[in-house]
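Enquirer: For reference, the structure I am asking about is given below.
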Amino acid sequence: DAPRPRNFLAEIVEADLAAGRNGGRVVTRFPPEPNGYLHIGHSKSILLNFGLARAYGGRTHLRFDDTNPVTEETEYVEAIQDDVRWLGGDWGGHLYFASDFFDRMYACAERLVREGLAYVDTQSQETIREQRGSFDRPGVNSPFRDRPVAENQDLLRRMKAGEFPDGAAVLRAKIDMSHPNVLMRDPLLYRVRHARHHRTGDAWCIYPMYDFAHPLEDACEGVTHSICTLEFESNRELYDWVLDHTGPWDPRPRQYEFARLALGYTVMSKRKLLRLVNEQRVSGWDDPRMPTVAGMRRRGVTAEALRDFADLIGVAKNNSLVDIGKLEFATRADLERRSPRAMAVIHPLAVSIENWPAGKVEELDLPWWPGEPERGGSRKVPFGGELFIERDDFALDPPKDWKRLAPGREVRLAGAYVIRCDEVVRGPDGDVRALRCTYDPASRTGEGAARRAGGTLHWVHAGLSVPAEVRMYDRLFAVEQPDAEEDFIATINPDSLTVAKGARVEPALRDAAPGSRYQFLRQGYFFADPVDSVPGAPVWNRTITLKDTWSA
Ligand code: ATP
Ligand code: MG
Ligand code: MG
3 DAPRPRNFLA
13 EIVEADLAAG
23 RNGGRVVTRF
33 PPEPNGYLHI
43 GHSKSILLNF
53 GLARAYGGRT
63 HLRFDDTNPV
73 TEETEYVEAI
83 QDDVRWLGGD
93 WGGHLYFASD
103 FFDRMYACAE
113 RLVREGLAYV
123 DTQSQETIRE
133 QRGSFDRPGV
143 NSPFRDRPVA
153 ENQDLLRRMK
163 AGEFPDGAAV
173 LRAKIDMSHP
183 NVLMRDPLLY
193 RVRHARHHRT
203 GDAWCIYPMY
213 DFAHPLEDAC
223 EGVTHSICTL
233 EFESNRELYD
243 WVLDHTGPWD
253 PRPRQYEFAR
263 LALGYTVMSK
273 RKLLRLVNEQ
283 RVSGWDDPRM
293 PTVAGMRRRG
303 VTAEALRDFA
313 DLIGVAKNNS
323 LVDIGKLEFA
333 TRADLERRSP
343 RAMAVIHPLA
353 VSIENWPAGK
363 VEELDLPWWP
373 GEPERGGSRK
383 VPFGGELFIE
393 RDDFALDPPK
403 DWKRLAPGRE
413 VRLAGAYVIR
423 CDEVVRGPDG
433 DVRALRCTYD
443 PASRTGEGAA
453 RRAGGTLHWV
463 HAGLSVPAEV
473 RMYDRLFAVE
483 QPDAEEDFIA
493 TINPDSLTVA
503 KGARVEPALR
513 DAAPGSRYQF
523 LRQGYFFADP
533 VDSVPGAPVW
543 NRTITLKDTW
553 SA
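As C-alpha cells, then:
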C-alpha cells in the first residue's frame, strides 16, 4: 500500500470512506487546460491528486479541460501527458477531454431551459456585466429573464445552429440577481464562439463556460473529490447548484480547495511563461531555467525531488509564497544520494609538475562513491606531468585563510598527490598563464595519509581529459517576487545562464549517457543534457551548486 498522505484532504477522504460515501470509491482528477506546459504548481496538484487516490485504493483521471477552442494546442496535450507520466501519475485508461462531454453538457443546458432554470440573454456583454452589481450592490434583472420556456428553447437551438455571431447571445442560469455571492447572479453557462476546436472541429459554435462545464465533467466521469485551488472557493456554490439541478449523480462530486503553490524567484502563470518563450528570453518551454516540469527535467531535477519538495511544503488552506530554498534543498538532498562523484575543471589553469617523469601517466583508481565503499565501483583517472586546475583555485596574493594554491603554497590534488607551486608563468599583461609545481612522491592519497596540505582541489589531466560544454544555470529572476514588479521581464537575472565552452572533464565522463547525473567535485550536481549531448561529447547542465551560494 502507498503511504497515507497527512493533510486535510486526506482527512476528508478518510472520513468519506469511513462513512461509506460514494460507495467506498475515491476518484480524483487532474484537469489541465492544454494552453501551455505544466509548471511546478501543477506538479503539486498532480502529486496530490494521484497520491490521494493511490493511498486510498482509488483512481485519478487525466482530463484536458479543452472548453476554450481558441487557446488549445495538440503539442501541449502530448507534452502534458509526458510530464504527468514522468511524475509517476498513472491514469490507467482514464484519459478524457472535456470536449468528450459536449453533447451531455448541452443536454443538461436544454434540461435547465425546459425546467425554467436558464434563459437566453441577448443583451451586450457590457450590459450584463454592469447589471451583475458587486458585493455591496445588488444586481439588476435582465429584461429577458422571464422569457417563456418555448422562446428560450428556440433561441438556444438557434445559438447552437450558428444563427448568432460571437457575443450576440448567451445562456444564463436563472438563480438570483441579488444573491450575496456575485458568482450566483445568473451566471453565464454558454457563449457563442465561432472557432475551430482542436478535437470537435466545427461541430460546435457554442461553448460551455468553466463554471458549468467543470462540475459536469466531474460528474460524467464519476469523480468523487474534485480538488482545485483557493481562487475557486466562491465558485463552489455554483458548482453545487449545477450538479443539484442536473442530477441525480452517483457519485455526486464535491469540490475542495487548497492553496496554490507560489514560489520565490519565479513566475508561474502560463501567460507569463509563454511570454518568456515567445520573446526568446529562454530557449523554450524546456529551458532548464523554466519552472516548468519539462524545464526542471532538463535541468536534471528528478521526479523524486519534486515529490520530496511537495511533502516538505505540505498542503495548506491559505496562500503563501514558498521559499525557493526549499526546492533547492530537496533537489540537493536527492542528488546527493544518486550522483557518483567525478572531476571536471570548468575554467582551466595549466599546471606542470616539474619533477614528474617525462611522459609518464599514472592510472589512479578512484571510487565513484568516496566515503561509501559499500556501493562499490571505481574508474581510472590519469595523472601526469601536465594538468589543469580551476582558475579560481589559485591566487597570486591570497587572503589569510586561503586553503587553495598560491605561490609557495601546498595543496592536495584529490585522490592524487600534494603539490607545491614554485613559479607562476605570466603573460605580457601580468595575467597568470600557467603554474610550475613540484609534487611529493610520498604523498599519494591513502599512502601518505599523515601528509597535510592546505586544501584539496579537483583537477584533470591536460592531454587525456575531454573538452566539454558546461552550462551553469542559476535562478531565472533576480528578485523574489517578479510578479510584484511592473514588468517581470525587467527582473530577469542577467547571469541566469553562463556557458563554459573550454571546460575539461575527466575521461570517464566521455561516455556518460545522456540523462546521467554526477557530482562534479566541489562544483555541484550536473546532468548530461538529453537533447544536445552527442555520443562521446556530453553537454553538462548544472542542476544546482553544492551549497547555497546565492546572496541577494
Ligand atoms: P495558470 O494560471 O498557471 O495558467 P491554471 O490554473 O490556469 O494555471 P490549469 O491548466 O487550469 O492551469 O490547471 C490545472 C490544474 O492544476 C488545476 O486543478 C489547478 O488548480 C492546478 N494548478 C494550477 N496552478 C497551480 C499552482 N500554482 N499550485 C497548485 N495547483 C495548481
Ligand atoms: Mg485553469
Ligand atoms: Mg490559466
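Numbered according to UniProt numbering, the sequence shown terminates at residue 554, and the numbering increases by one at each position without gaps. Here a beta-carbon is modelled for each residue, glycine too, at the ideal position from N, C-alpha and C.
1. Starting from the C-beta of residue 149, find all residues in its chain whose C-beta is less than 6 angstroms away, skip the five residues before and the five after it, and write them out in chain order.
2. Between 371, 436, 460 and 381, which lies nearest to residue 406 when the distance is taken from Cα to Cα?
3. Taking 7 angstroms as the cut-off, is the CB of residue 555 close to at least one heavy atom of ligand 1?
4. What's the call for residue 137, buried or exposed, on a 16-neighbour Cβ count within 10 Å?
5. With three or more beta-carbon pairs closer than 8 angstroms as the criterion, would you say the region 124 to 134 touches the region 267 to 281?
6. Among residues of its own chain, excluding the 5 on either side of residue 347, which ones have a beta-carbon nearer than 6 angstroms to its beta-carbon?
7. Please state whether DSSP places residue 44 in a helix, a strand or coil.
8. So if DSSP puts residue 76 in a beta bridge, which residue, or which two residues, is it bridged to?
9. Between the beta-carbon of residue 99 and the beta-carbon of residue 201, is there less than 8 angstroms?
10. Which two residues bound the contiguous beta strand (DSSP E) that contains residue 436?
11. Buried or exposed: where does residue 10 fall if 16 or more other Cβ atoms within 10 Å of its Cβ makes it buried?
12. Would residue 189 be called buried (16 or more neighbouring beta carbons within 10 Å of its own) or exposed?
13. Residue 18 by DSSP, collapsed to three states: which one?
14. What are the complete beta strand (DSSP E) segments, minimum 3 residues, inside the region 230 to 312?
15. Three-state secondary structure (DSSP) at residue 158?
16. Determine which residues share a DSSP beta bridge with residue 463 and list them.
17. Fully enclosed by the region 357 to 416, which beta strand (DSSP E) runs are 3 residues long or longer?
18. I want to check one thing, is the minimum distance from the CB of residue 47 to the heavy atoms of ligand 1 below 7 angstroms?
19. Work out the CA separation of residue 305 and residue 299 for me, nearest whole Å.
20. Just how far apart, CA to CA, sit residue 35 and residue 294?
21. Please determine, among 410, 229 and 292, the residue with the shortest C-alpha to C-alpha distance to residue 48.
22. Looking at residue 499: is its Cβ nearer than 8 angstroms to the Cβ of residue 475?
23. Using the beta-carbon count (16 or more within 10 Å), is residue 13 buried or exposed?
24. Can you tell me where the beta strand (DSSP E) holding residue 333 begins and where it ends?
25. Under a Cβ-count criterion, where at least 16 other Cβ atoms within 10 Å of its own Cβ denotes burial, should residue 504 be classed as buried or exposed?
26. What separation, rounded to the nearest whole angstrom, lies between the Cα atoms of residue 375 and residue 326?
27. Cutting at 6 angstroms between CB atoms, please list the residues of its own chain near residue 524, excluding the five before and the five after it.
28. Given that a residue counts as buried once 16 or more other Cβ atoms are within 10 Å of its Cβ, and exposed if not, what is residue 62?
29. Which parts of the region 85 to 159 are runs of the beta strand (DSSP E), unbroken and 3 residues or longer, counting only runs that do not cross its ends?
30. Throw me the rounded Cβ distance for the residue 58 and residue 86 pair, which I believe falls under 8 angstroms.
31. Answer yes or no: the CB of residue 503 versus the heavy atoms of ligand 1, is any distance below 7 angstroms?
32. Just the C-alpha distance for residue 539 and residue 362, rounded to the nearest angstrom, thanks.
33. Let me make sure I understand the geometry here. Which of 4, 519, 109 and 91 has the alpha-carbon closest to that of residue 44?
34. Pop quiz: residue 195 and residue 71 are said to be a contact at Cβ under 8 angstroms. What is the actual Cβ separation, rounded to whole angstroms?
35. Applying the 10 Å Cβ sphere with the 16-neighbour rule, what's the burial state of residue 28?
36. Suppose contacts are defined by Cβ-Cβ distances below 8 angstroms. Is residue 258 in contact with residue 227 by that definition?
Expert: Let me spell this out:
1. 121
2. 460
3. The requested residue 555 is not part of the displayed model; the chain covers only 3 to 554.
4. exposed
5. no
6. 390, 392, 462 and 506
7. helix
8. The partner list for residue 76 (beta bridge, DSSP) is empty, contrary to what the question assumes.
9. yes
10. 434 to 441
11. exposed
12. buried
13. helix
14. 256 to 260
15. helix
16. 389
17. 364 to 369, 380 to 385, 388 to 392 and 412 to 415
18. yes
19. 8 angstroms
20. 15 angstroms
21. 229
22. yes
23. exposed
24. Looking at the DSSP string, residue 333 is not in any beta strand (DSSP E); the run it does join, the alpha helix (DSSP H), is 326 to 340.
25. exposed
26. 34 angstroms
27. 460
28. buried
29. 97 to 99 and 120 to 123
30. Wrong, their Cβ atoms sit about 19 angstroms apart, outside the cutoff.
31. no
32. 26 angstroms
33. 91
34. 6 angstroms
35. buried
36. yes
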